[in-house]
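Protein chains in written order, with this note's numbering: chain A, 34 to 309; chain B, 35 to 602.
We put the beta carbon where it would ideally sit given N, CA and C, even for glycine.
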Amino acid sequence: MNQQTLGYHPGKTVLHHLNATAKMIFLLLVTIATMTTYDTRFLMFVGVASLGLFKLGNIQWHQISFVMKFILFFSLLNILAIYLFEPEYGVSLYGTRHVLWTGWGRFTFTQEELFYLGNVALKYFSTIPLALTFLLTTNPSSFASSLNKLGISYKISYAVALALRYIPDIQEDFFSISQAQQARGLEMSKKGKFSQRIKGISQIVLPLIFSSLDRIETISTAMELRRFGQKKKRTWYVEEPFKVSDYLVIVLALSLFLVTLALFHVNGGRFYNPFM
Amino acid sequence: MTEPIIVFKDFSFQYNSQSEPTLKKINLTIQSGEKVLIVGPSGSGKSTFAHCLNGLVPNQYAGDITGEAWIAGKKLQETSLFDLSFTTGTVLQDTDGQFIGLTVAEDMAFVLENDGVALAEMREKVLHWAELVDVSEQLDKRPQDLSGGQKQRVSMAGVMINDAPLLLFDEPLANLDPAAGKAAIELIDSLHQQTQATVVMIEHRLEDALAKPVDRIIVFNDGQIVADQTPDDLLKTSILAENGIREPLYVTALKYAQVDLQPVNHLADVTQVAGAQLAEKMADWQSHLFDLETSDKTAVLLELKNLNYRYRPQDADVLKQLTTHFYQGERLSIVGKNGAGKSTLFKALCGFIRPKGTMEWQGQDIGNDSIKERADKIGYVMQNPNQMISQKMVFDEVALGLRLRNIEEKEIEQRVFHVLNVCGLYPFRNWPIAALSYGQKKRVTIAAILVLEPEMLVLDEPTAGQDFRNYSEMMAFIEELNHLGKTIVMITHDMHVMLEYSDRVLVIKDGDILADMTPIQLLTNQELVQEASLKETSLFTFAKQLGLADPIAFTRKFIQYDREVRKR
Chain A
34 MNQQTLGYHP GKTVLHHLNA TAKMIFLLLV TIATMTTYDT RFLMFVGVAS
84 LGLFKLGNIQ WHQISFVMKF ILFFSLLNIL AIYLFEPEYG VSLYGTRHVL
134 WTGWGRFTFT QEELFYLGNV ALKYFSTIPL ALTFLLTTNP SSFASSLNKL
184 GISYKISYAV ALALRYIPDI QEDFFSISQA QQARGLEMSK KGKFSQRIKG
234 ISQIVLPLIF SSLDRIETIS TAMELRRFGQ KKKRTWYVEE PFKVSDYLVI
284 VLALSLFLVT LALFHVNGGR FYNPFM
Chain B
35 MTEPIIVFKD FSFQYNSQSE PTLKKINLTI QSGEKVLIVG PSGSGKSTFA
85 HCLNGLVPNQ YAGDITGEAW IAGKKLQETS LFDLSFTTGT VLQDTDGQFI
135 GLTVAEDMAF VLENDGVALA EMREKVLHWA ELVDVSEQLD KRPQDLSGGQ
185 KQRVSMAGVM INDAPLLLFD EPLANLDPAA GKAAIELIDS LHQQTQATVV
235 MIEHRLEDAL AKPVDRIIVF NDGQIVADQT PDDLLKTSIL AENGIREPLY
285 VTALKYAQVD LQPVNHLADV TQVAGAQLAE KMADWQSHLF DLETSDKTAV
335 LLELKNLNYR YRPQDADVLK QLTTHFYQGE RLSIVGKNGA GKSTLFKALC
385 GFIRPKGTME WQGQDIGNDS IKERADKIGY VMQNPNQMIS QKMVFDEVAL
435 GLRLRNIEEK EIEQRVFHVL NVCGLYPFRN WPIAALSYGQ KKRVTIAAIL
485 VLEPEMLVLD EPTAGQDFRN YSEMMAFIEE LNHLGKTIVM ITHDMHVMLE
535 YSDRVLVIKD GDILADMTPI QLLTNQELVQ EASLKETSLF TFAKQLGLAD
585 PIAFTRKFIQ YDREVRKR
């Protein structure tokens, strides 16, 4: 049943044992680093390394295939949109112009544009695996306690953790509701027309919202009856002390961050330019 | 003399959203250390009363209070939810929904976390309570992955860890199978004895709740207390039946036999009930009864052969060489523990999954039919109607399946009206679904399936969460559909549904059919009862307790008689 649920999967790997706060800091720093820099070499390094993290965290393709395909679709759409709006953006960035294909009207295709779009794609594929690894190997409660440790109010932290926890449940609800609707004749399989399938999804949304609202009401009552939110501070059962490995993770993140700063200096800006 | 812990004086409460008070002039005192059972039909005010004990009324559900109520010396109107939570520990009805923590240990520790208790002390307390409720082996598991009974124990521990002097159980049996329910009642009883806490239990499954003694039963109806008596005395009256609460079946049997209940001892405990010449009187009554008519259905409607299924290649088989058949026009119950393969089986029936093996519908192979084609033969009704309803109006909801099949609007109207009539929903055809009760919504979902004219209806827990009146109406309705020729397949934990409303039971274990027999054969077979996580029927226990010659025949004859009474 849990073929495709995205959420915490308990495990015994190195990544599962790391302190959630350390992982959180790592994710934040490295994501900021990859978001700012356009240095291809750095992005490639992070991209390959984060694929390595999948292996280290024992993450299987079937756990993430659905989300990956989903994200792939939207990043391709995004890249296409960038090209349609500014086919010559790469040229203005890198200052040279090597035409690959003259194309039609303003839609020329240059090496520079190709390189730029390649960098954008790389950004997705270096940060998304990191975030997914974090989601799949971090117990949401540890995640909440780490957010709280970073100074965010525990109510917000807990809300985030609950939301994460409910992703798999809501996915399961979605599957069962969709099956029931299909049994009534809703065409959701690949045989149906695209417009039919979109309409089909809208039929599922209403019951899904209702069942989620039921869930929220029950859980918030249960929390209140057990005194959540009354005091300024709370303790965390899952809290764990920092180990040497956790400090190492933070040091690694910091150094990656410093590398991007150094690259700014070397490249004279955010962009690595192989054309000059 | 002990101290009273709960005192209500002329207490009335009216929700802001309601035009009439839900509780009317309640006068009640519960002594510290008592164990009290509260029963009543839906809408009787018993849940509102429970909400007064833990402060949800008036703190979360606002409304007007007149009269007075004190919980452990605190005046209800002047006490916050937070303050009351130190007095009242509440175990909610929804065993799944109330889990907050991600693991068992964390969930148990939740209240301690909120109190800011230090980690070391928290760990110690969690271990202590885990041992008491016997979940020490499960501490690192997800609560959702536990069995129903274990879930119940974890939620109890999470409340008890708080050391509250008043424990409130809101329908603790609602989501449990009979065996787990029995274990829960036993645990509540032993916790009550160990902690000396006051226990207030709200439950409409009276027979199950009485598996362990309670001091008093309080009957609510229409916002008022209609009885406040010991179980033995209450069962001798007709108050329960008059207020829409099901009596234990053996008590019904005694009343059918017109036994004078006044001199009967221990009436509330089926393992101790005794009275002068009780056995003789029952044996005499039994000898005048007809035996149960057996089902004469022999035409095979659907045949399953060697079904095998696993969710992922690396997983174990969930269906293993499952072979069985369904007769045309029969009423069949499917039982088995959680995870035995029941839900996988009906997913296979509806075509949601594609197991290996063959499925023949009146001799024709339907293994390759699409979900939609399957739905024309087999209609599936989910347990929770809110998961099925996708339209705003009753008519549109029922018409949806036909519209999706591109049938002409004129024919749609005709067919929908016909089905609405059958389901007793015709007066509601232009109502918004949100305005219907839970039982009516469930009917709407059945109507929405019936309109597609399937031969076979698969109902997942058709009676879950309904009080006796709604339950009886729902089952009478399903019986009527059966008379119209529909084959009824029910997945259920409810032993009454099995006994009184089915001709045949399939027990599923480890993805295979363990037994295929009549409900009475099943419920009088100790070994199978355990396998299916059920409980011996109290009729059988009663007949054995009295030493009747043939307890199984007694059970059979009672069911036959009861069916006749219902037909009148």
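### Message
Cutting at 7 Å between CB atoms, please list the residues of its own chain near A/Leu-51, excluding the five before and the five after it.
### Response
Within the first sequence, residue 51 of chain A is the residue found at index 18, counting from 1. Only Ser-278, Asp-279, Val-282 meet the Cβ criterion.
### Query
Within the 8 Å Cβ cut-off, does A/Lys-188 reach chain B?
Walking along the first sequence from the start, residue 188 of chain A turns up at place 155. Chain B, which has no Cβ nearer than 8 Å to the Cβ of A/Lys-188, makes this no.
### Task
Count the CB pairs spanning the stretch 227-240 of chain B and the stretch 61-78 of chain B that are closer than 8 Å, and state whether there are at least three.
yes
### Message
Here's the rule I'm using: 16 or more other beta-carbon atoms within 10 Å means buried, otherwise exposed. How should A/Trp-134 be labelled?
### Response
Residue numbering aside, residue 134 of chain A sits at position 101 when the first sequence is read from its first letter. Its Cβ having fewer than 16 others within 10 Å, A/Trp-134 is exposed.
### Task
Please work out which residues of its chain come closer than 7 Å, Cβ to Cβ, to B/Phe-144, disregarding the five sequence neighbours upstream and downstream, and give them in chain order.
Indexing the second sequence from 1 puts residue 144 of chain B at position 110. If we look at B/Phe-144 and ignore the five residues flanking it on each side, its Cβ neighbours are Ile-134, Gly-135, Gly-192.
### Message
Taking its Cβ as the centre, do 16 or more other Cβ atoms sit within 10 Å of B/Asp-204, making it buried, or is it exposed?
### Response
In the second sequence, residue 204 of chain B corresponds to position 170, counting from 1. With 16 or more other Cβ atoms within 10 Å, it is buried.
### Task
Buried or exposed for B/Pro-461, please, with buried defined as at least 16 other CB atoms from any protein chain shown within 10 angstroms of its CB.
For this step, residue 461 of chain B is matched to residue 427 along the second sequence. B/Pro-461 comes out exposed.
### Task
Would you mind reading off the limits of the beta strand (DSSP E) that contains B/Trp-104?
Along the second sequence, read from residue 1 onward, the residue named residue 104 of chain B stands at position 70. It spans 97-105 - the beta strand (DSSP E) in which B/Trp-104 sits, taken as one unbroken run.
### Query
Taking just the CA atoms, how far does B/Ile-542 sit from B/Val-369?
As a first step, residue 369 of chain B is located in the second sequence; it is residue number 335 there, counting from the start. As a first step, residue 542 of chain B is located in the second sequence; it is residue number 508 there, counting from the start. In a straight line, the C-alpha of B/Val-369 is about 6 Å away from that of B/Ile-542.
### Query
If we ignore side chains and look at the alpha-carbon of each, how far apart do B/Gln-564 and B/Phe-592 end up?
Here the question's residue 564 of chain B lines up with position 530 in the second sequence. Here the question's residue 592 of chain B lines up with position 558 in the second sequence. Cα to Cα, B/Gln-564 sits roughly 23 Å from B/Phe-592.
### Message
Distance cutoff 8 Å, beta carbons only. Does B/Met-35 sit that close to anything in chain A?
### Response
To locate residue 35 of chain B, count along the second sequence from 1; it is residue 1. Here the model assigns B/Met-35 a pLDDT of 49, short of 50, so the residue's position is not dependable, and the following value carries that caveat. Taking Cβ atoms only, chain A never reaches closer than 8 Å to B/Met-35, which makes this a no.
### Task
List the residues of chain B that A/Asp-247 touches, going by C-beta distances under 8 Å, in chain order.
As a position in the first sequence, residue 247 of chain A is number 214, starting the count at 1. The contacting residues are Gly-131, Asn-420.
### Message
As an exercise, report each continuous alpha helix (DSSP H) stretch of at least 4 residues that is fully enclosed by the stretch 306-389 of chain B, in chain order.
### Response
312-321, 376-384
### Task
State the DSSP-derived secondary structure class of A/Thr-293, mapped to helix, strand or coil.
Here residue 293 of chain A corresponds to residue number 260 of the first sequence, with the count starting at 1. Residue state, collapsed to three classes: helix.
### Query
Mind checking whether B/Ser-329 and B/Pro-553 have CB atoms under 8 Å apart?
To locate residue 329 of chain B, count along the second sequence from 1; it is residue 295. To locate residue 553 of chain B, count along the second sequence from 1; it is residue 519. It is not a contact, given that the beta carbons lie outside the stated cut-off.
### Span of the beta strand (DSSP E), counted from its first residue to its last, around B/Phe-38
Residue numbering aside, residue 38 of chain B sits at position 4 when the second sequence is read from its first letter. The residue you asked about is not Phe; residue 38 of chain B is Pro in the sequence shown. Here the beta strand (DSSP E) through B/Pro-38 covers 38-49.
### Query
So is A/Phe-227 in contact with chain B if we call contact Cβ pairs under 8 Å?
Here residue 227 of chain A is taken as the residue at index 194 of the first sequence, counted from 1. Not closer than 8 Å to any Cβ of chain B, the Cβ of A/Phe-227 fails to qualify, so no.
#### Entry: Nearest to A/Val-193 (by Cα), restricted to the options A/Ala-213, A/Asn-172, A/Gln-204, A/Ala-66
Taking the first sequence and counting its residues from 1, one reaches residue 193 of chain A at position 160. Checking every option, the nearest Cα to that of A/Val-193 belongs to A/Asn-172.
### CB of B/Glu-495 within 8 Å of CB of B/Thr-526, strictly
Counted from its first residue, the second sequence places residue 495 of chain B at position 461. Counted from its first residue, the second sequence places residue 526 of chain B at position 492. In contact: B/Glu-495 and B/Thr-526 (Cβ atoms closer than 8 Å).
### Query
Is any heavy atom of the ligand MN found at a distance shorter than 7 Å from the C-beta of A/Leu-241?
Only the bare structure without any ligand can be found here, which leaves the ligand MN out of the picture.
### Query
Nearest to B/Phe-47 by alpha carbon, out of B/Glu-112, B/His-517, B/Lys-59, B/Glu-276?
The residue given as residue 47 of chain B occupies position 13 in the second sequence. Comparing Cα-Cα distances from B/Phe-47 to each of B/Glu-112, B/His-517, B/Lys-59, B/Glu-276, the minimum goes to B/Lys-59.
### Message
For A/Thr-141, list the residues DSSP reports as bridge partners.
### Response
For this step, residue 141 of chain A is matched to residue 108 along the first sequence. For A/Thr-141, which the question treats as bridged, DSSP gives no partner whatsoever.
### Message
Among B/Gln-421, B/Ser-51, B/Val-285, whose alpha-carbon lies nearest the alpha-carbon of B/Asp-575?
### Response
On the second sequence, position 541 is the one that residue 575 of chain B refers to. It should be noted that the sequence gives Thr, not Asp, for residue 575 of chain B. Among B/Gln-421, B/Ser-51, B/Val-285, the Cα nearest to that of B/Thr-575 belongs to B/Val-285.
### Message
So A/Glu-272 contacts chain B; which residues on that side make the cut at Cβ distance below 9 Å?
### Response
Taking the first sequence and counting its residues from 1, the one referred to as residue 272 of chain A is at position 239. Those within 9 Å of A/Glu-272 in chain B are Leu-153.
### Message
Suppose the cutoff is 7 Å on Cβ atoms and the five residues either side in sequence are ignored; what does the same chain contact list for B/Lys-4 look like?
### Response
Nothing can be reported for residue 4 of chain B: it is not among the residues displayed for chain B, which extend from 35 to 602.
#### Entry: Cβ-based neighbour list, A/Phe-290, same chain, cut-off 6 Å, excluding 5 preceding and 5 following
Taking the first sequence and counting its residues from 1, one reaches residue 290 of chain A at position 257. The residues are Leu-62, Ala-66.
### Task
For B/Tyr-343, decide whether its Cβ has a neighbour in chain A, counting only Cβ atoms nearer than 8 Å.
As a working mapping, residue 343 of chain B is identified with position 309 in the second sequence. Chain A, which has no Cβ nearer than 8 Å to the Cβ of B/Tyr-343, makes this no.
### Message
Using CA atoms only, rank isn't needed, just tell me which of B/Gln-94, B/Gln-355, B/Gln-425 is closest to B/Met-393.
### Response
For this step, residue 393 of chain B is matched to residue 359 along the second sequence. Of B/Gln-94, B/Gln-355, B/Gln-425, the residue nearest in Cα terms is B/Gln-355.
### Task
Say whether the stretch 109-116 of chain B touches the stretch 173-186 of chain B, bearing in mind that this needs 3 or more beta-carbon pairs closer than 8 Å, one atom from each stretch.
no
### Message
Quick check: B/Ala-469 and B/Gly-435, are their CB atoms within less than 8 Å of each other?
### Response
For the purposes of this step, residue 469 of chain B is identified with residue 435 of the second sequence, where counting begins at 1. For the purposes of this step, residue 435 of chain B is identified with residue 401 of the second sequence, where counting begins at 1. Their beta carbons are not under 8 Å apart, which means B/Ala-469 does not touch B/Gly-435 by this criterion.
### Message
Any C-beta of chain B within less than 8 Å: which residues of the stretch 205-220 of chain A qualify?
### Response
Asp-206, Ser-209, Ile-210, Gln-212, Ala-213, Gln-214, Gln-215, Ala-216, Arg-217, Gly-218, Leu-219, Glu-220
### Query
Are the C-beta of A/Met-256 and some C-beta of chain B separated by less than 8 Å?
Residue numbering aside, residue 256 of chain A sits at position 223 when the first sequence is read from its first letter. With 8 Å as the cut-off, A/Met-256 counts as an interface residue toward chain B.
### Message
DSSP has B/Pro-466 in a bridge; who is on the other side?
### Response
Numbered from 1 along the second sequence, position 432 holds the residue referred to as residue 466 of chain B. B/Met-427, per the DSSP bridge assignment.
### Query
Of all the CB atoms in chain B, is at least one closer than 8 Å to the CB of A/Ser-179?
Residue numbering aside, residue 179 of chain A sits at position 146 when the first sequence is read from its first letter. Judged by the 8 Å Cβ criterion, A/Ser-179 is not in contact with chain B.
### A/Gly-85: first and last residue of the uninterrupted alpha helix (DSSP H) it sits in
Walking along the first sequence from the start, residue 85 of chain A turns up at place 52. Counting along the chain, the alpha helix (DSSP H) containing A/Gly-85 begins and ends at 73-89.
### Message
By the three-class DSSP mapping on this structure, what secondary structure does A/Tyr-280 have?
### Response
Working through the first sequence from its first residue, we reach residue 280 of chain A at position 247. Here A/Tyr-280 sits in helix by DSSP.
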